[in-house]
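Before any comments, here is the structure.
2 protein chains.
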Amino acid sequence: MRQIKKPTIRDVAQEAKVTTSTVSRVLNESTLVKPRTRQKVLDAIERLGYIPSKTARIFKSGKSYILGLVIGQSHISNIMFNAGFQAQFKALTEKAHKEGYNILLITAATADSESYFEVIKNQVADGFIIFSPSQNDTLTAMLEEADIPYVYNMKYSDNPQDRYYVSSDDVEGGYIAGKYLLDLNHKHIRFVVGSVKGGYLPFNADRIRGFQKALKQYGVPFQEEMIVKIPGQMDESYNGIHKLFQTDRPTALMISNEITTVAALNYFFDHGIRVPQDLSVIGFGPSEFFRSLRPNLTNVSYDLAWSSAKLVDLLLQRIEGKPVTPEMPKKPELVIRDSTARYSEAAPKPS
Amino acid sequence: MRQIKKPTIRDVAQEAKVTTSTVSRVLNESTLVKPRTRQKVLDAIERLGYIPSKTARIFKSGKSYILGLVIGQSHISNIMFNAGFQAQFKALTEKAHKEGYNILLITAATADSESYFEVIKNQVADGFIIFSPSQNDTLTAMLEEADIPYVYNMKYSDNPQDRYYVSSDDVEGGYIAGKYLLDLNHKHIRFVVGSVKGGYLPFNADRIRGFQKALKQYGVPFQEEMIVKIPGQMDESYNGIHKLFQTDRPTALMISNEITTVAALNYFFDHGIRVPQDLSVIGFGPSEFFRSLRPNLTNVSYDLAWSSAKLVDLLLQRIEGKPVTPEMPKKPELVIRDSTARYSEAAPKPS
DNA sequence: CTGTTAGCGCATTCAT
DNA sequence: ATGAATGCGCTAACAG
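Protein chains in written order, with UniProt numbering: chain A, 1 to 351; chain B, 1 to 351.
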């Protein structure tokens, strides 16, 4: 029954008593193949169980209809359980499939330019969606040099030339969160963010900037200790929150990472800190996620489905060599739920 | 600076004043290329910015080092936010990368055999990891016929010949959960499971079987209403739990799906049903997930990292044509945490 | 140690 | 409407 070797287009041609050209024509639904010959070929294909070699087709056409999604290996564990990543990932794959592409998941050993480029250049894909490495200037240069289409999932440079990304307005995000808390009379606010090698990811830097803008507007002086760096994994976050609350008792918290948010809520649950009675909490990320938490969390809501779809569009434009139409960053919205309350001195304080 | 066309191995050969064979040899670090020529070639490569065509290499070698992960499009939304899937997915990609493979995410329009086969056969991948479609007998036959290496993520057949999967012992899972609740004096138990087209997924059927075994052992008669079918998405689950608790007040719940578990906990939070005081709850899935819930959930713990790695091993064995060594299903363990308590009449009942 | 030759499976000229 | 011939980029067998 089974062939020793998989049948090729030649076997089909022979079986159908035609040439490979004809077979190729019926495969590609070419114009004008006589119905009779066409049927002969189809029969032969059926009889042999012939499947055209995708590999050869890619080789010939130069198009794989594959989009590479590049992530640093060290990030993958953390990132995979992050609600924002999940939302992006889902939107990315759905959009890609809608456009006839599949997603190839690529991980680099580390999150630096060299490691990224090393894996990217050896991959079969028409273009790459890159989850930004720690530094990406050299990576960008290398990709340009090699003429490889790419897009980044976030703002990756301050050079206005570098506009191959779709972002949200993160300054606005930090601003509306801060402003809302200040409106609620909070002054003792802490902004919990992740940190990479002591610095901030660009979007966190922007959010902090927005937060500072709100503070200034309300005449509250910014102090360094308002920014609290806590790692983004569950246990480390829990410990980080613990450490914070041993020395400090803010009345409001902004948390830039979803996993840290869950860890914080768990910590508050475990230690009888009531949200929002004792503490107001604002999260950042996809709204559906915060809606599934208890208490329902007030959050700065990002439309990741939208930005992910735009990102794929952008990449496809680059692949097709079309001029790229940059997208305006979408403003995030504040969704007010049950985790934020007005601060007053009279409010019960945790012991 | 940039070439009109990407340089090929021929361009390099010309530039280095050697033949393509020699270039190929240095690319493949072949034995015995004179250091001097080797350096000449390397220089030429550097000068031209040459990158070997992965596509051509795949075409030649027939090996892509890509593993296809096949999911029904209708499932992808639900599956992506499911803790068990995430854990599998993460473990799968990490293991694949460790073995030098990348994961290509493939979605089929629907979850039936024809749709699955249609996308699979047109993909470039050395083998496929298939998240089981609703019915897979014909799919399996077609894959065998086409000589495509595949494995399923779960038991997909009762034919002992069909052993291309790695599973856990789900009968045991249902059994230990039921037994523990019975030990705690619960009799009014409900087992919440998903359902597909009115039937159960094989692993749920097994878990139910295990539950029945426990009941029998304790002399508690099984009744149909002990099994509650609730869809696996967040909102539908919430509504399903709501509906259940309007007509029924079990003292203990086993929940076969992680999202449904979260939805249920949210419902209990919203309606003042205390866990475990008013209701004991047992979840099924990866332990880390249930540990991140509040209250900390007692759960039947599956080692998805282990089974996923084994699954990749199995697939690689098939790809390499090695005889397949089937793996014994691993027994899940009951991890007792804070969501289960002994039942006594005196216990406070919700109003 | 290096060059010559052939061919992987397919699509695409160019003839007929 | 179909066949014959060519080549995509690379590797490998065979010479030399």
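Every residue, glycine too, gets a C-beta built ideally from N, C-alpha and C.
Exercise. Using the C-alpha atoms, what's the distance from ASP126 of chain A back to GLY198 of chain A?
Worked result: 35 Å
Exercise. So, is the C-beta of VAL151 of chain A closer than 8 Å to a C-beta in chain B?
Worked result: no
Problem set entry | Close-in-space but distant-in-sequence residues of the same chain around SER308 of chain B (CB under 7 Å, 5 per side omitted) | GLN88, ALA91, LEU92, LYS95
For this session: Under the assumption that LEU104 of chain A contacts LEU48 of chain A (Cβ atoms under 8 Å), give the Cβ distance between them as a whole number of angstroms.
Result: About 30 Å separates the two Cβ atoms, so there is no contact after all.
Exercise. Hey, does SER113 of chain A have any beta-carbon neighbour from chain B nearer than 8 Å?
Worked result: no
Exercise. Would a check of beta-carbon distances place PRO350 of chain A closer than 8 Å to chain B?
Worked result: Residue placement at PRO350 of chain A is flagged as unreliable, the pLDDT there being 46, under the threshold of 50; a coordinate-derived value is accordingly withheld.
Problem set entry | N- and C-terminal bounds of the alpha helix (DSSP H) containing LEU334 of chain B | Run containing LEU334 of chain B: none in the alpha helix (DSSP H); it sits in the beta strand (DSSP E), 333–335.
Exercise. Given a limit of 8 Å on CB to CB distance, which residues of the segment 113–139 of chain A reach chain B?
Worked result: LYS121, ASN122, GLN123, VAL124
Problem set entry | Coarse secondary structure for TYR267 of chain A, derived from DSSP in three states | helix
Exercise. Relative to the C-alpha of SER280 of chain B, which residue among B:SER195, B:LYS243, B:ASN185 is closest?
Worked result: B:ASN185
For this session: Taking only the alpha-carbon atoms, compute the straight-line gap between TYR180 of chain A and TYR238 of chain B and give it to the nearest angstrom.
Result: 30 Å
Exercise. If you draw a straight line from the alpha carbon of ALA16 of chain A to that of LYS34 of chain A, how long is it in whole angstroms?
Worked result: 13 Å
For this session: State the start and end residues of the unbroken beta strand (DSSP E) segment that holds VAL228 of chain A.
Result: 227–229
Exercise. Would GLU225 of chain B count as contacting chain A if we go by Cβ distances under 8 Å?
Worked result: no
For this session: Would you grab the beta carbon distance between VAL193 of chain B and ILE148 of chain B for me? Rounded to a whole angstrom, and I think it's under 8 Å.
Result: No, VAL193 of chain B and ILE148 of chain B are not in contact; Cβ-Cβ is about 32 Å, not under 8 Å.
Exercise. Near ASN102 of chain B, what residues of its chain come up, given a Cβ to Cβ distance below 6 Å and the 5 sequence neighbours on each side ignored?
Worked result: ILE66
Exercise. Given LEU316 of chain A, which residues of its chain have a CB within under 7 Å of its CB, disregarding the five upstream and five downstream residues?
Worked result: GLU99
Exercise. Would ASN257 of chain B count as contacting chain A if we go by Cβ distances under 8 Å?
Worked result: no
Problem set entry | Beta-carbon spacing of ASP183 of chain B, SER157 of chain B below 8 Å | no
Exercise. Taking residue 371 of chain B as the reference, which of A:ARG291, A:ASP338, A:ILE9 has the closest Cα?
Worked result: The requested residue 371 of chain B does not occur in the structure, where chain B is confined to residues 1 to 351.
Exercise. Does the distance from the CB of ILE106 of chain A to the CB of VAL70 of chain A come in under 8 Å?
Worked result: yes
Problem set entry | Buried/exposed call for ASP206 of chain B, threshold 16 Cβ in 10 Å | buried
For this session: Report the three-state DSSP secondary structure of TYR164 of chain B (helix, strand or coil).
Result: coil
Exercise. Chain A partners of SER77 of chain B, CB-CB under 7 Å?
Worked result: LYS90
For this session: Over the uninterrupted beta strand (DSSP E) stretch that includes ARG190 of chain A, give me the two end residues.
Result: 189–193
Exercise. Would you say GLU94 of chain B reaches chain A, if we count a Cβ-Cβ gap shorter than 8 Å as a contact?
Worked result: yes
Problem set entry | Span of the beta strand (DSSP E) around ASN299 of chain B | 298–301
Problem set entry | beta strand (DSSP E) segments (min. 3 residues) lying fully within the segment 275–300 of chain B | 280–285
For this session: Have a look at PRO295 of chain A and SER339 of chain A and give me their C-alpha separation to the nearest angstrom.
Result: 6 Å
Exercise. Taking buried to mean at least 16 other C-beta atoms within 10 Å of its own C-beta, is GLY254 of chain B buried or exposed?
Worked result: In the sequence as presented, Gly is not what sits at residue 254 of chain B; that position holds Met. Flag for MET254 of chain B reads buried.
Exercise. From the DSSP output, which residues share a beta bridge with LYS330 of chain A?
Worked result: A:SER168
For this session: Compile a chain-ordered list of the residues in the segment 265–297 of chain B whose CB is closer than 7 Å to at least one CB of chain A.
Result: ASN266, PHE269, SER292, ARG294
Exercise. Of the choices A:LEU32, A:ALA146, A:ALA83, A:VAL312, whose alpha-carbon is the least far from that of GLY283 of chain A?
Worked result: A:ALA83
Exercise. What do you reckon, are the CB atoms on GLN73 of chain B and ALA108 of chain B nearer than 8 Å?
Worked result: yes
For this session: Return yes when the Cβ of ILE58 of chain B is within less than 8 Å of the Cβ of LEU8 of chain A, no when it is not.
Result: Per the sequence shown, the amino acid found at residue 8 of chain A is Thr instead of Leu. Not in contact: THR8 of chain A and ILE58 of chain B (Cβ atoms no closer than 8 Å).
Problem set entry | Residues of the segment 231–246 of chain B whose Cβ lies closer than 8 Å to any Cβ of chain A, in chain order | MET234
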